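Working notes, beginning with the structure itself.
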Amino acid sequence: MPSKQDTLVAWLREQAPAEVGLIHFDELLQLLAPIAESNLRHRLRLTETKLHTLVAGVNQDTFATLRESLLALADSYEKGNADTRRLTRRIVITAKNHAKLAAMNQRVAPEKRAAKAEMAAWMRTWLENPLVFRLWVPMREKILK
242 MPSKQDTLVA
252 WLREQAPAEV
262 GLIHFDELLQ
272 LLAPIAESNL
282 RHRLRLTETK
292 LHTLVAGVNQ
302 DTFATLRESL
312 LALADSYEKG
322 NADTRRLTRR
332 IVITAKNHAK
342 LAAMNQRVAP
352 EKRAAKAEMA
362 AWMRTWLENP
372 LVFRLWVPMR
382 EKILK
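In my numbering, each residue carries its 1-based index in the sequence shown increased by 241.
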């Protein structure tokens, strides 16, 4: 039986989408079930396939990728309808909760726990006001340097 990653790569090769959109994402969730949305997002990023902003979600690999993904989601939030705004907030809330869990996990290295706590704070700020986030993040980055 092929692995989830092999199945994903085969689907991408067969479908060859210019960009993986929300409809593709839902199809892949069904095809690879059971799989968490965050796991599928991670696997899709590994393929380097172009992803719709709401499919890409929040990338917490580095502070730079976190900033870029949250700014892209803020744009999507600003331009979106009520359903898009709800989905965007749900994506950021889920990512924030994952970061909080990592920050509290005693098995995670202290440096990474501190980074995840800071990332969770960035996402809390985004959730308070996504449109102000783009003004806040450069100031926060200056403080951290």
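C-beta: ideal position from N, C-alpha, C; glycine also. As the structure is a computational prediction, the values presented were derived from the model and not from experiment.
The alpha helix (DSSP H) enclosing residue i, as first and last residue numbers
| i | result |
| --- | --- |
| residue 288 | 278-288 |
| residue 250 | 245-256 |
| residue 271 | 263-272 |
| residue 325 | 323-345 |
| residue 371 | 371-385 |
| residue 292 | Taken as a continuous stretch (DSSP letters only), residue 292 belongs to no alpha helix (DSSP H), as it is neither H nor E. |
| residue 308 | 304-320 |
Counted within 10 angstroms of its Cβ, other Cβ atoms place residue i as buried (16 or more) or exposed
| i | result |
| --- | --- |
| residue 331 | exposed |
| residue 327 | exposed |
| residue 329 | buried |
| residue 379 | exposed |
Selection from the options that minimises the alpha carbon distance to residue i
| i | options | result |
| --- | --- | --- |
| residue 345 | 336, 316, 290, 357 | 357 |
| residue 244 | 255, 263, 275 | 275 |
| residue 335 | 365, 304, 249 | 365 |
| residue 435 | 339, 380, 299, 304 | In the structure displayed, the chain extends from 242 to 386; residue 435 sits before or after that span and is not available. |
| residue 386 | 373, 353, 281, 304 | 304 |
| residue 283 | 249, 350, 375, 351 | 249 |
| residue 376 | 324, 355, 308 | 308 |
| residue 315 | 348, 246, 372 | 372 |
| residue 286 | 323, 325, 306 | 306 |
The ligand MN heavy atom lying under 6 Å from the CB of residue i
| i | result |
| --- | --- |
| residue 290 | Absent from the structure shown: the ligand MN. Ligands present: none. |
Same chain only: Cβ atoms within 6 Å of residue i, ignoring 5 sequence neighbours per side
| i | result |
| --- | --- |
| residue 341 | 361 |
Own chain, CB closer than 7 Å to residue i, minus 5 neighbours either side, in chain order
| i | result |
| --- | --- |
| residue 295 | 263, 317, 328, 329, 332 |
| residue 290 | 253, 261 |
| residue 258 | 265 |
| residue 293 | 260, 261, 262, 263 |
| residue 273 | 245, 248, 249, 281 |
Close-in-space but distant-in-sequence residues of the same chain around residue i (CB under 8 Å, 5 per side omitted)
| i | result |
| --- | --- |
| residue 368 | 330, 333, 334, 337 |
| residue 339 | 279, 301 |
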